[in-house]
Every structure is written in structure tokens, then in C-alpha cells.
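Here the structure comes first, spelled out in C-alpha cells, and everything after it is commentary.
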Amino acid sequence: MIDVTQLPRMARKGGDLPGVGVVHLGLGAFYRAHAAIYIAEAMATSGGDWGIIGVSLKSPTQAERLKPQDCVYTAVEMAPDGTIPHRVEVVQDVLVAPHDPAAVLSAMAAESVKIVTMTVTEKGYCHEPATGKLNRDHPDILADLANPDAPASALGYLVRALELRRKAGLRPFTVLTCDNLPDNGHVVKGVVLELAGLIDPDLRDWIAAEGAFPCTMVDRIVPATKPEDIEALGQLTGYYDASPVMMEPFRQWAVEDNFVDGLRPDLGAVGVELVSNVTPFEDMKLRCLNGTHSTLAYLGYLGGLETICDAVSDPHYAAFIKDVWAKEIVPGVTAPEGVDLTAYTAQLFERYANPAIRHLTWQIAMDGSQKLPQRILFQLEEAFAAGRAMPRLTLAVAAWMRYVGGTDDAGQPIDVRDPLAERLRALSDGAQTAADKVAALLSVREVFSDALRGNADFVADVTAAYEGLAAHGARAMVEKYNA
Ligand code: CS2
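Per my numbering, the very first residue in the sequence shown carries number 18; after that it's consecutive.
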């Protein structure tokens with residue numbers, strides 16, 4: 018098997034590597050399977066110096082895997098009818114922030130860098146999901162304020178690097194968030210301005226006046242890479258890649274065309290939808306895709322279904338999720354112009370049913386306290402405020418409540434990964450009856466809004482759903498809807 022480091026970077030136009038124009042915070046699999054490939058293709062199509070320096074904010078793992086192979090990696094397109102490996106060469110270096118914060122700040126403050134992209138997951142914004150405001154008591158924010166030259170959070174790096182650029186007389190970079198958050202550009206702008214204002218109001222005003230924080234909608238299903246994926250890729254290609262990414266064929270990226278001095282790669286040339294308003298795209302995707310992903314994650318995991326494909330291959334779960342779209346979610350969606358929601362959700366179902374993609378329900382179930390507000394809870398709040406019940410999405414919330422209780426329908430322990438995992442478990446364990454457990458979890462203000470917590474119809478429905486799950490299990494409750 019050839020070591021990928023023995024494969025020279027492919028010849029480039031002009032022979033040299035392009036200049037670095039992008040720094041990315043949070044170098045995970047999704048970014049390498051999505052925005053990084055779009056940027057690489059835009060450069061190949063239209064040139065430009067848009068090479069990427071990746072930054073890991075916590076772990077050295079990606080640097081340890083990618084740097085020995087010259088940061089070149091394989092993006093493996095997993096279709097039902099076959100696998101297509103793509104070599105991706107756009108990442109030119111990987112920095113580990115805790116090991117060398119000065120190197121990260123230096124990279125972000127370099128004049129050549131025009132864009133900082135970020136995928137730090139919902140919990141990386143140090144905000145309160147229910148309000149979008151900065152959580153000023155967040156330990157990382159407190160650390161950022163105490164040690165501005167060695168930030169702990171992505172926000173700390175953004176603010177400090179913008180401050181360095183301002184002091185050097187440089188223009189700010191565009192902050193391009195690639196996370197699944199409603200109104201993501203405005204959310205990151207708001208928390209960056211709040212943090213900057215705590216440091217220097219003049220810096221805040223400069224960022225507000227000169228910076229750009231475009232909203233985006235990102236979409237591609239990218240399951241975590243497993244050791245067997247690396248082995249299979251080696252068999253397919255004949256070379257070893259320590260850090261490939263596995264991805265579905267489908268991809269979509271809608272970006273608000275708002276960049277500092279208009280400077281960006283030629284994204285429109287490679288299929289990115291450059292729009293003035295991302296909201297319809299993001300709303301449709303968060304409701305229709307992420308809302309049903311989380312629904313299948315909790316009801317599927319509790320029911321012993323390991324992957325999304327396993328779940329939609331079960332006829333009862335398949336009928337259930339199609340009804341979630343048709344009877345509960347789609348009636349509340351205002352589609353982007355020209356989009357047929359029936360076709361869009363049918364395509365989503367086919368994407369979920371892709372047998373080549375082993376997307377674990379356990380992986381999607383992670384961080385539910387950070388995901389449910391913008392995926393499911395806001396839809397429930399809308400519906401119940403309008404006097405419209407959503408029994409299936411309510412069942413999904415009850416399934417999340419059962420999930421964070423830590424035991425599945427087979428009585429097996431669940432490895433719950435969530436920033437609030439301990440607190441949620443304690444709340445569940447500290448209550449005896451279903452009604453008390455539900456009430457205890459509804460009291461978590463970071464997750465449930467006052468409006469939803471105070472809606473008696475919702476509380477009654479989610480309690481009944483919880484009781485049904487406890488008595489009969491997830492599979493039986495799903496089947497009940499198809500009786
Ligand atoms: C998934 C998303 O893990 C999860 O929470 O719902 O990562 C999902 O795969 C992407 O948003 C698809 O674009």
C-alpha cells in the first residue's frame with residue numbers, strides 16, 4: 018500500500034501552491050467534505066489565492082494525522098452504486114490552537130487572509146440557544162477575557178485577530194460560519210460584537226462598521242470516519258490515508274453574498290447559491306432535514322436501530338417520518354423560490370436510505386440540548402401557539418427526554434454525549450413519575466423557552482408521549498401512528 022505522502026501534490030497552474038486566503042476554525046470532517054471542496058474547486062476553476070490553514074481548537078489529532086501526509090486527504094463519495102475517492106489538496110497546514118495560540122493569531126492576522134471560516138458546532142458559539150446572546154459566564158469566555166493572547170474559544174480568536182488587524186491598519190476578514198444555526202451569520206456577529214465590546218468599544222464599533230458576517234446554509238451528510246473506512250479506502254486506492262472523510266454525493270451551500278471588499282473565491286462557478294437572503298434555505302433545511310434527523314436519532318436509537326438507513330428501512334419508521342414531513346413540518350415551511358417541498362423531502366428520504374452511508378443514530382443524538390431548540394422545539398412552539406398539535410415531533414422530544422435519562426428500551430446504558438449530560442441525567446433521576454421527569458427537564462431554560470414550558474397542551478402531550486415510551490418503547494409508539 019503506497020503511503021499518501023509519497024504522492025506529490027498534483028501539478029498546479031503556475032507550479033506553486035496558491036497563497037493562503039482562508040483560515041478555518043474547527044477542522045472537522047464536515048468542513049473537509051463540504052466548504053473545503055467547494056473552495057478547492059473554485060480555485061481550480063477560476064484561480065485565486067484561497068489556500069486554507071486549518072485550526073484545531075482543542076485536539077491535536079487532525080494535525081497528527083494530516084501533517085505527515087502534507088495535509089492532503091481523500092474525500093470519499095459513498096453512493097449506493099459505488100464509491101468515488103477524491104484527493105483534496107486545498108488545506109496547506111493544520112495548527113493546534115492550545116499548542117501555539119500565537120501561530121493561529123498570526124495566521125488570522127496575515128494580510129493575505131481575507132476569510133475565516135468556522136465549524137465549531139452549536140456549542141462553540143458560547144451563546145444561549147434560546148436568545149442568541151453571549152453567555153458571559155461561559156468558562157471559555159472568561160478565559161478569553163483573562164488571556165486575550167491565548168484565547169480558549171473561537172470567538173476569542175476572532176476578536177483578538179480582528180484587533181491585531183485593526184492595529185496593523187489592515188481590513189477585517191469576513192467571518193463565514195458553516196454551522197447549523199438559524200441566522201448563523203447574525204448569531205456569530207452578535208456574540209463577536211458583544212465580546213469585542215467587553216474588551217474595547219472602539220474595536221466593537223470598527224468590526225460592526227467594516228466587518229462582514231454572511232449567513233449560510235450548509236448541507237452534506239458526513240458520517241464519522243471509522244477504522245474500517247480507512248482500511249476499505251486503502252484496498253480501493255492502494256494508498257494509506259490517515260484521515261479521509263466519508264460523504265454522500267449530495268451537497269448544497271447557500272451563501273449570503275456579503276464579503277469584505279467583495280473578496281471571496283468564485284463560489285458561484287462551482288454550484289454555490291450566492292443569495293441576498295439565506296433564511297428560506299436555512300429554515301427549510303433545519304426543519305426538514307435536521308428536525309427529522311434528530312427525530313430518527315432518538316426514536317431510532319431507543320428502538321435499537323443503529324443507523325439512519327436502518328431506521329428508514331423499517332416500514333413503520335419510514336411511514337412515520339414521511340408523515341412527520343407531510344403532516345407536521347412541511348405545512349410550516351416557506352420554501353425558497355422554485356423549490357418543490359414534496360420533491361425536496363422525497364430526496365431527503367432517498368439520502369437517508371443510502372445504504373453506503375452508515376450515519377449512526379448515536380452520532381446525531383449528540384448535543385441534543387444544543388440542537389433541539391433550532392431543529393424541533395421552535396416548530397413546536399409555533400404550532401402549539403397556533404393551537405396546532407404536532408404529536409410526532411412531540412414524541413421525538415419525549416424520546417430525547419428518555420435518551421438523556423441514560424437507558425435504552427432494552428435496558429442498556431446509553432453513552433450520552435451532551436454539554437448538559439450530567440445535569441439532564443440528574444434531573445431525570447431525581448424525579449420519580451413521568452410527569453415529574455418531564456417537568457424537571459422542561460425546567461432547563463437553555464433548552465426550553467418559557468412559551469413552550471408554559472403551554473399546558475404541549476406539557477400534557479409530551480408527558481403522555483413520555484409515558485407511552487416508558488410503557489411500550491419507541492418501536493411500539495412509532496407503530497401506533499401507523500395503525
Ligand atoms: C446531523 C447533521 O449530526 C447531526 O446533527 O443532523 O450533521 C446533518 O448530517 C447535516 O446537517 C446534514 O447537512
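Ideal Cβ placement from N, Cα and C applies to all residues, glycine included.
Tell me where the beta strand (DSSP E) around residue i begins and ends.
i	result
Arg104	Gly99 to Val105
Trp270	Gln269 to Glu273
Gly38	Val37 to Leu42
Taking the alpha helix (DSSP H) that residue i belongs to, which residues open and close that run?
i	result
Gly308	Gly308 to Leu319
Val130	First-last for Val130: undefined, no H or E at that position.
His489	Ala473 to His489
Lys454	Ala451 to Leu459
Lys339	Pro332 to Asp340
Ala363	Leu358 to Tyr369
Phe47	Ala46 to Ala50
Ser445	Ala438 to Asp446
Ala163	Pro156 to Ala163
Ala468	Asp467 to Arg470
Using a Cβ-based criterion (distance less than 7 Å to any ligand heavy atom), does residue i qualify as near ligand 1?
i	result
Leu34	no
Ile381	yes
Val235	yes
His333	no
His512	Lying outside 18 to 500, the shown extent of the chain, residue 512 is not represented and no answer is given.
Ile393	no
Leu410	no
Asn371	no
Leu306	yes
Lys388	yes
Ile238	yes
Asn294	no
His103	no
Asn197	yes
His310	yes
Identify the residues that DSSP records as bridge partners of residue i: which are they?
i	result
Pro430	Thr424
Leu151	His144
Thr324	Leu377
In chain order, each alpha helix (DSSP H) run of at least 4 residues that lies wholly inside the segment 58 to 126 = If only uninterrupted alpha helix (DSSP H) runs of at least 4 residues are considered, those enclosed by the segment 58 to 126 are 78 to 83 and 118 to 126.
Write down every uninterrupted run of the beta strand (DSSP E) in the segment 374 to 427 whose length is 3 residues or greater and which is fully enclosed by it, in chain order.
-> Within the segment 374 to 427, not a single complete beta strand (DSSP E) segment reaches 3 residues in length.
For the segment 245 to 301, which segments carrying the beta strand (DSSP E) assignment without a break, of at least 3 residues, lie completely within its bounds, in sequence order?
-> The segment 245 to 301 contains these whole beta strand (DSSP E) runs: 262 to 264, 269 to 273 and 290 to 292.
Taking only runs that begin and end inside the segment 168 to 243, name each unbroken alpha helix (DSSP H) of 4 or more residues, in chain order.
-> Annotation: the segment 168 to 243 contains the following complete segments of the alpha helix (DSSP H) (minimum length 4 residues), in chain order: 171 to 184, 201 to 216 and 218 to 227.
Is it true that the segment 290 to 306 meets the segment 463 to 478, where meeting means three or more beta-carbon pairs spaced less than 8 Å apart?
-> Taking a cut-off of 8 Å for Cβ pairs, the segment 290 to 306 and the segment 463 to 478 do not touch, as fewer than three such pairs fall below it.
Is the segment 57 to 69 touching the segment 274 to 287 in the sense that three or more CB pairs, one from each, lie closer than 8 Å?
-> Three or more beta-carbon pairs drawn from the segment 274 to 287 and the segment 57 to 69 are found closer than 8 Å, and the two stretches are therefore classed as touching.
Any 3 or more C-beta pairs closer than 8 Å across the segment 344 to 356 and the segment 95 to 108 | Here the segment 344 to 356 does not lie against the segment 95 to 108, with fewer than 3 beta-carbon pairs under 8 Å apart.
Contact between the segment 258 to 274 and the segment 285 to 294 (3+ Cβ pairs under 8 Å) = Enough Cβ pairs lie closer than 8 Å, so yes.
Decide yes or no for the touch test of the segment 111 to 119 against the segment 76 to 95: beta carbon pairs closer than 8 Å, at least 3 of them.
-> Result yes; three or more Cβ-Cβ pairs closer than 8 Å.
Touching or not, the segment 392 to 400 and the segment 306 to 315, by the rule of three or more beta carbon pairs under 8 Å?
-> Output reads yes: the segment 306 to 315 touches the segment 392 to 400.
Given 8 Å as the limit, is there contact between the segment 362 to 382 and the segment 436 to 450, that is, 3 or more CB pairs closer than that?
-> Taking a cut-off of 8 Å for Cβ pairs, the segment 362 to 382 and the segment 436 to 450 do not touch, as fewer than three such pairs fall below it.
Is the number of C-beta pairs between the segment 429 to 436 and the segment 365 to 385 that are closer than 8 Å three or more?
-> Contact between the segment 429 to 436 and the segment 365 to 385 is present: three or more C-beta pairs spanning the two stretches fall below 8 Å.
The segment 218 to 225 contacting the segment 416 to 432, beta-carbon criterion three pairs below 8 Å | Fewer than three beta-carbon pairs drawn from the segment 218 to 225 and the segment 416 to 432 are found closer than 8 Å, and the two stretches are therefore not classed as touching.
Does the segment 203 to 215 touch the segment 251 to 271, meaning 3 or more C-beta pairs lie closer than 8 Å?
-> Segments in contact, no.
Would you check if the segment 137 to 153 and the segment 82 to 93 touch, i.e. whether three or more CB-CB distances between them fall below 8 Å?
-> Cβ pair count under 8 Å is below three, so no.
Does the segment 30 to 50 come close enough to the segment 127 to 141 to have 3 or more Cβ pairs within less than 8 Å?
-> Put simply, the segment 30 to 50 touches the segment 127 to 141. At least three CB pairs are less than 8 Å apart.
At least three beta-carbon pairs within less than 8 Å, the segment 163 to 178 to the segment 262 to 271 | No contact exists between the segment 163 to 178 and the segment 262 to 271.
Is the segment 394 to 404 touching the segment 323 to 334 in the sense that three or more CB pairs, one from each, lie closer than 8 Å?
-> Because the criterion of three Cβ pairs below 8 Å is not met, the segment 323 to 334 and the segment 394 to 404 do not touch.
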